[in-house]
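K.L.:
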Amino acid sequence: MCCAEAVESSLKADKREVKINSRMFKLEDLKLAGQSEEEQMKFPVPLLAPEKSEYKTMLNDSRVTEFLLLGLSKYPELQTELFALFLIIYLMTLLGNILIITAIAVDSRLKTPMYFFLGNLSVLEMCYTTVTVPNILANLLRKTNAISPSACFAQAYLFTMGATTECNILTVMAYDRYVAICIPLRYTLIMGKWVCLSLAAGCWIIGFLNCIVQTFPMTLLPFCGPNSVDRLYCEIQPLLKLSCTDAYLNKILTSASASFFGVCCLLLILVSYIYITIAILRIPSKEAKRKTFSTCASHITVVILYYGALVFMYLRPTSSSTHEADSMSQE
Numbered sequence: 017m018c019c020a021e022a023v024e025s026s027l028k029a030d031k032r033e034v035k036i037n038s039r040m041f042k043l044e045d046l047k048l049a050g051q052s053e054e055e056q057m058k059f060p061v062p063l064l065a066p067e068k069s070e071y072k073t074m075l076n077d078s079r080v081t082e083f084l085l086l087g088l089s090k091y092p093e094l095q096t097e098l099f100a101l102f103l104i105i106y107l108m109t110l111l112g113n114i115l116i117i118t119a120i121a122v123d124s125r126l127k128t129p130m131y132f133f134l135g136n137l138s139v140l141e142m143c144y145t146t147v148t149v150p151n152i153l154a155n156l157l158r159k160t161n162a163i164s165p166s167a168c169f170a171q172a173y174l175f176t177m178g179a180t181t182e183c184n185i186l187t188v189m190a191y192d193r194y195v196a197i198c199i200p201l202r203y204t205l206i207m208g209k210w211v212c213l214s215l216a217a218g219c220w221i222i223g224f225l226n227c228i229v230q231t232f233p234m235t236l237l238p239f240c241g242p243n244s245v246d247r248l249y250c251e252i253q254p255l256l257k258l259s260c261t262d263a264y265l266n267k268i269l270t271s272a273s274a275s276f277f278g279v280c281c282l283l284l285i286l287v288s289y290i291y292i293t294i295a296i297l298r299i300p301s302k303e304a305k306r307k308t309f310s311t312c313a314s315h316i317t318v319v320i321l322y323y324g325a326l327v328f329m330y331l332r333p334t335s336s337s338t339h340e341a342d343s344m345s346q347e
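Residue numbers (our numbering): 17 to 347.
Spelled out as structure tokens, the structure:
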């Protein structure tokens with residue numbers, strides 16, 4: 017009762033000032049509109065609140081110090097078998113691409129634009145797998161699924177750069193096939209050495225810039241809540257879902273950038289092959305048709321596999337039971 021009387025007497029002092037956390041507040045400013053003093057006594061206004069420095073300390077204390085990659089956590093009894101499987105796939109990928117690069121560098125007959133871009137694609141594939149698989153192998157070996165935020169952001173950055181660059185290189189390779197089949201007499205003039213070098217450099221630079229646009233804003237977001245990523249490796253979209261703040265603009269930027277490069281590159285590839293198909297159909301000899309089409313077969317296969325994986329992962333309804341299959345398909 018004494019406490020209640022003390023509170024009531026303090027509320028009636030209209031011009032009394034209370035000093036809280038080195039700030040002065042008038043009780044007149046704390047009154048709720050349309051409420052009597054008795055109602056305010058029932059629902060008192062909380063006056064004590066932490067300073068900005070205290071908020072920063074609380075936020076720093078709750079920041080995520082590691083992310084957990086849950087892609088293979090459901091199969092703890094298969095850690096050894098999975099380690100062997102991923103190691104074999106990784107070594108075979110490296111060996112195959114090294115052989116391709118070596119053959120292109122040694123054989124003078126392969127000094128053509130088509131094989132030059134194929135060599136770039138092989139280098140990219142080696143970088144692609146090296147970004148993700150070694151970390152998976154390390155986690156399987158240590159029987160842990162933790163990764164530091166800096167390593168996770170770096171992995172997402174390099175993965176995004178690889179995806180964008182691969183779209184660009186596949187598009188340039190389609191253009192190379194278009195020029196070779198539809199404009200054969202001007203092929204050596206159009207696809208000269210410096211043109212090929214410029215196109216390849218452009219593919220890598222655009223991929224580099226695009227991944228900066230997508231990943232740098234993400235690194236500025238605070239992560240202080242959940243830290244579980246249901247993937248084998250770090251990707252931008254799953255990480256944005258873990259941010260403590262609204263990442264709507266980041267999601268829009270990421271989706272727009274990915275859609276632009278993915279859709280535009282695919283459309284350019286399709287247009288190139290429409291013209292290539294028309295040119296092949298005009299060839300009178302069946303044997304010439306077969307040989308001409310065979311020069312495009314490997315590129316078409318890579319395009320189908322690459323975009324097929326993208327469609328499987330991102331352009332279908334997802335559920336919690338399909339996240340793991342999505343991660344595996346990209347490997």
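Yeah, the Cβ is synthetic: ideal placement off N, Cα and C, and Gly gets one too.
Since the structure is predicted, the reported quantities are computational estimates derived from the model, not experimental observations.
Under the rule that 16 or more other beta-carbon atoms within 10 Å means buried, what is residue 216, buried or exposed?
P.N.:
Result: buried.
K.L.:
Report yes if the CB atom of residue 219 is closer than 8 Å to the CB atom of residue 171, and no otherwise.
P.N.:
The answer is no: Cβ separation not under 8 Å.
K.L.:
According to DSSP, simplified to helix, strand and coil, what is residue 162?
P.N.:
Strand.
K.L.:
Report all residues from its chain with a CB closer than 7 Å to the CB of residue 243; omit the five preceding and five following residues, and keep chain order.
P.N.:
Once the five neighbours on either side are set aside, the close Cβ partners of residue 243 are 80, 82, 83, 84, 258.
K.L.:
Should the stretch 308-315 be regarded as contacting the stretch 181-195, the criterion being three or more beta carbon pairs within less than 8 Å?
P.N.:
Touching, yes, given that three or more Cβ pairs across the two stretches are closer than 8 Å.
K.L.:
Do you know offhand how far residue 231's Cα is from residue 291's?
P.N.:
Cα to Cα, the separation comes out at about 37 Å.
K.L.:
Among 301, 194, 143, 195, which residue has its Cα nearest to the Cα of residue 178?
P.N.:
Measuring from the Cα of residue 178, the nearest candidate turns out to be 143.
K.L.:
Let's see if you can read the secondary structure: which residues bound the alpha helix (DSSP H) around residue 10?
P.N.:
No statement about residue 10 is possible, as the shown extent of the chain runs from 17 to 347 and does not include it.
K.L.:
Looking at the structure shown, is residue 244 part of a helix, part of a strand, or coil, going by DSSP?
P.N.:
Strand at residue 244.
K.L.:
First and last residue of the alpha helix (DSSP H) that includes residue 5?
P.N.:
Because residue 5 is not part of the residues shown, which for the chain are 17 to 347, the question remains open.
K.L.:
Sorted by chain position, which residues of the same chain lie with C-beta nearer than 7 Å to residue 309's C-beta, five sequence neighbours on each side aside?
P.N.:
296, listed in sequence order.
K.L.:
Run through the stretch 185-244 for me and flag every whole alpha helix (DSSP H) of 4 or more residues, listed as ranges in chain order.
P.N.:
You should have 203-206, 209-235.
K.L.:
Is residue 122 buried or exposed, if buried means 16 or more other CB atoms sit within 10 Å of its CB?
P.N.:
Answer is exposed; the Cβ neighbour count stays below 16.
K.L.:
How about residue 225 and residue 261: are their beta carbons less than 8 Å apart?
P.N.:
No, the pair does not count as a contact, with Cβ atoms beyond the cut-off.
K.L.:
Report buried or exposed for residue 327, applying the criterion of at least 16 other Cβ atoms within 10 angstroms of its Cβ.
P.N.:
Exposed is the call here.
K.L.:
Excluding sequence positions up to five away, which residues of its chain have a Cβ less than 8 Å from the Cβ of residue 207?
P.N.:
Only 129, 192, 195, 196 meet the Cβ criterion.
K.L.:
Could you pull the start and end residues of the alpha helix (DSSP H) that residue 267 belongs to?
P.N.:
That run of the alpha helix (DSSP H) goes 264-297.
K.L.:
Could you name the residues of the same chain whose beta carbon sits closer than 7 Å to that of residue 299, not counting the 5 residues immediately before and after it, in chain order?
P.N.:
Result list for residue 299: 305, 308, in chain order.
K.L.:
Grab me the residues of residue 138's own chain with a C-beta within less than 7 Å of its C-beta, minus the 5 sequence neighbours each way, in chain order.
P.N.:
Cβ within range, chain order: 113, 116, 117.
K.L.:
Just to confirm the assignment, what range does the alpha helix (DSSP H) spanning residue 126 have?
P.N.:
Neither: residue 126 is in no alpha helix (DSSP H) and is coded neither H nor E.
K.L.:
Can you check whether the CB of residue 181 is closer than 8 Å to the CB of residue 223?
P.N.:
Yes, the pair counts as a contact, with Cβ atoms nearer than the cut-off.
K.L.:
So, is the C-beta of residue 317 closer than 8 Å to a C-beta in chain D?
P.N.:
You won't find chain D in this structure, because it holds only one protein chain.
K.L.:
Using the Cβ count rule (16 or more neighbours within 10 Å means buried), how would you classify residue 252?
P.N.:
With 16 or more Cβ atoms within 10 Å of its Cβ, residue 252 is classed as buried.
K.L.:
Buried or exposed for residue 148, going by 16 or more other Cβ atoms inside 10 Å?
P.N.:
By the neighbour-count rule (16 or more Cβ atoms within 10 Å), residue 148 is buried.
K.L.:
So the candidates are 270, 286, 201, 245; which of them puts its Cα closest to the Cα of residue 234?
P.N.:
Checked all of 270, 286, 201, 245; the closest Cα to residue 234 is 270.
K.L.:
Are the CB atoms of residue 105 and residue 248 nearer to each other than 8 Å?
P.N.:
Their beta carbons are not under 8 Å apart, which means residue 105 does not touch residue 248 by this criterion.
K.L.:
Using C-beta distances below 8 Å, list every residue in its chain close to residue 157, excluding the 5 sequence neighbours before and after it, in chain order.
P.N.:
Contacts found: 99.
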